[in-house]
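Undergrad:
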Amino acid sequence: MKAIWKNKTLRNVFFLGLAHFLLTMVLLIYAFGEGMARFDEGSPPTAFENYIDVVVEILMQPGSTIYDLIPKEKKTDLIEWTLVAVNSLLWGFGVLFLWRGVCRFKNKL
18 MKAIWKNKTL RNVFFLGLAH FLLTMVLLIY AFGEGMARFD EGSPPTAFEN
68 YIDVVVEILM QPGSTIYDLI PKEKKTDLIE WTLVAVNSLL WGFGVLFLWR
118 GVCRFKNKL
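First residue of the sequence shown: 18, per my numbering; consecutive thereafter.
Right, here's the structure in full:
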């Protein structure tokens, strides 16, 4: 297990994935809370709430699309949270890949 943490790429993917997971959960909880308050008051959503909803939908991709493809009788909490974790790690890898590409491009200039 110690060998994994010595690998800089895996460590960076893990921490970027963790940051993605935390950001997604905070925004999801905020959107849910505001939605419930709006539901109680009967008021329409604000532009900021709509923006947060869109951001959460983007951050949950592609995991939420894969989860939607699973038949209803086979959906479990374990599958859902596994997809959330893998989705965040995928985002972590993607962000690291793009960051390194930008850095390489910048260094060539």
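Just so it is clear, CB atoms sit at the ideal spot from N, CA and C, and this is done for glycine as well.
1) Does Thr41 pass the burial test, meaning 16 or more other C-beta atoms within 10 Å, or should it be called exposed?
2) Inspect the CB distances between the stretch 27 to 37 and the stretch 102 to 116 and report whether three or more fall short of 8 Å.
3) Alpha carbons only, please: which of Gly111, Tyr84, Ile75 is nearest the one belonging to Thr26?
4) Rounded to whole angstroms, what's the CA-CA distance from Val30 to Leu45? Just pull it up for me.
5) Whose C-beta lies closer than 7 Å to the C-beta of Ala54 among residues of the same chain, with five residues either side of it excluded?
6) Give me the residue from Val71, Asp70, Val101 with the minimum Cα distance to Ile83.
7) Could you check the C-alpha separation between Val72 and Ser60 for me, to the nearest Å?
TA: On the basis of the coordinates in this document:
1) buried
2) yes
3) Gly111
4) 22 Å
5) none
6) Val101
7) 21 Å
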